[in-house]
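Here is the structure we will look at, set down as structure tokens.
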Amino acid sequence: MKGVLLSGGTGSRLRPITHTGPKQLVPVANKPVIEYAIEDLKAADITEIGVVLGNTGREEIQRLLGDGSKYGVDITYIVQGNPLGLAHAVGCAREFVGDSDFAVYLGDNMLRHGVSDLLESFQAGEYGAGIALQEVSNPEAFGVADVDDQGRVTHLVEKPDDPPSNLALIGMYVFTPAVFDVIDRLEPSWRGELEITDAIQMLLDEGHAIDSHVVTGWWKDTGKPEDILEANRLVLEGKDLVREGTVESGAQVEGQVEIAESAVVEDGAVVRGPVSIGENAAIKGGTYVGPYTSIGADSTLEEVHIENSVVIGESTITANGRIVDSLLGRGANVESADRLLPEGRRLVVGENSQLKL
Amino acid sequence: MRIITHACPACGTVVSANELEDKRVIKCPGLSCQEVLRFEDLSEEAREHFLANRDRYQM
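Chains as they are written, first to last, in this note's numbering: chain A, 610 to 966; chain B, 1140 to 1198.
Written as structure tokens, this is what we have:
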């Protein structure tokens, strides 16, 4: 079994964060989202991984993942170029996959329990493909599967007005090489893309059995800022957080708090977990870091109260105020304007930024 | 839709035909690879198919 990790897309819903980097590298609990996918594939004994790159962030993703050896996997890069759809991205992996079955993982998705159960379910029968499903309350917003008593898919429909079930397709699939012949015969959809749901439906129409696996733990598509915050909360809640850094006397650190080795929580600071604090971060006196917050590497916080937020890294945050439910990009600084005249907020805000003052 | 790709002979990075056709001559997108890739590296048959259906490979 090989793995194909789809890492294209423009990340438009995550702007301005994605003006300067691919969405797959946005950190959740101080680890880039794409690393969770690599680890899930490795945990499922998949060590040959093809990483499909789009038009943005190619070099950054290659720089992070390298040849895969630091994760114990072997990575081949596949350049899709134009975003012509998930089925096109999968089709670009044909040469890499060869005659092997393969798992497809969307590089900006996260699964609580990984992909091992999906792969085991697929391998237990003679299937043309396997899909991961999750029960949702708004199936009309997703691709939806109709499934029989044995878990075999009988019908797929994209964003239906009248959903046949509440089982939505999430971004995890398993295929045999038979899918490539189907993709060869696919026509672009109304939006000009080769749709993966059309490929699976064609496999179904041509007599291939399609397995399904209903995911019970959480699943997150991290495409929007609020999704990053939610994923950060979910990961911090379930992770064993290790304190390796310095906690000065006079600092209060309560609950599950991860402190990187070179980070310091200084006298007079209060940290209430679950929280992750990255390398070389300094939490100075008068600062409160509240639950579900990740402070990225090389950041300095002073006098601020922050909670349920992600600071990606290299930030200086010294404003004497409360920051909640926020995502701060790399190098973003938030400082006090208290002693400046004329009074007022001073902003240097990039395109597509969102502020609530 | 037929998907045409070409693997860099030096580093193994796979590049789609639309990427090759768009720039015609490119440095391999593999991070530390210095190989030069050309649309002409594809077989004549593959190139003809791509060019005959070029609009379908664009957004």
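Glycine included, every Cβ here is placed at the ideal spot set by N, Cα and C.
In terms of Cβ geometry, V958(A) and L964(A) form a close pair [threshold 8 angstroms]. Scanning the segment 846 to 918 of chain A for uninterrupted beta strand (DSSP E) segments of 3 residues or longer gives 861 to 863, 866 to 868, 879 to 881, 884 to 886, 902 to 904, 914 to 916, listed from N- to C-terminal end. In the three-state DSSP reduction, F731(A) falls in the helix class (H, G or I). Of all residues in the segment 782 to 806 of chain A, only F789, I792, D793, R794, L795, E796, P797, G801, E802, L803 come within less than 9 angstroms of chain B when Cβ atoms are compared, listed by chain position. Under DSSP, the beta-bridge partners assigned to Y714(A) are L614(A), M781(A). Remark: three or more beta-carbon pairs, one from each stretch, lie closer than 8 angstroms, so the segment 678 to 694 of chain A and the segment 642 to 657 of chain A are flagged as touching. Cβ-Cβ separation between E863(A) and V873(A): approximately 17 angstroms, too far for a contact (criterion under 8 angstroms). One thing to note: L838(A) has its Cβ within 8 angstroms of the Cβ of L936(A).
Membership of H1188(B) in the alpha helix (DSSP H) is indicated by the continuous run 1183 to 1191. About 6 angstroms separates the Cβ atoms of P772(A) and E749(A), confirming a contact at the 8 angstroms cut-off.
Q861(A) is not a Cβ neighbour of P883(A), given a cutoff of 8 angstroms. Beta-bridge pairing by DSSP links A738(A) to F784(A), I819(A).
In this structure the segment 798 to 814 of chain A does not touch the segment 718 to 726 of chain A; the number of beta carbon pairs closer than 8 angstroms is below three.
Distance from the CA of G690(A) to the CA of E1158(B), rounded to the nearest whole angstrom, comes to 5 angstroms. Annotation for L765(A): the continuous beta strand (DSSP E) segment containing it runs 762 to 767. Using a CB distance cut-off of 8 angstroms, V1164(B) does not count as an interface residue toward chain A. Taking 8 angstroms as the cut-off, the Cβ atoms of S616(A) and Q633(A) count as close. The closest CA to that of T656(A), considering only E815(A), N664(A), I647(A), is found on I647(A).
The count of Cβ pairs closer than 8 angstroms, one atom from the segment 818 to 827 of chain A and one from the segment 750 to 760 of chain A, reaches three, so the stretches are in contact. Sequence-distant partners of F1178(B) (beyond 5 residues in either direction) whose C-beta falls short of 6 angstroms from its own C-beta, in its chain, are L1159, E1160, R1163.
When only Cα atoms are considered, V762(A) and A869(A) end up about 46 angstroms apart. When Cβ pairs closer than 8 angstroms are counted between the two stretches, the segment 831 to 850 of chain A is seen to touch the segment 626 to 642 of chain A, the count reaching three or more. As DSSP reads the structure, I1165(B) sits in a beta bridge with L1176(B). Scanning its chain for C-beta atoms nearer than 7 angstroms, with the 5 sequence neighbours on each side dropped, one finds around Q810(A) the residues L765, in chain order.
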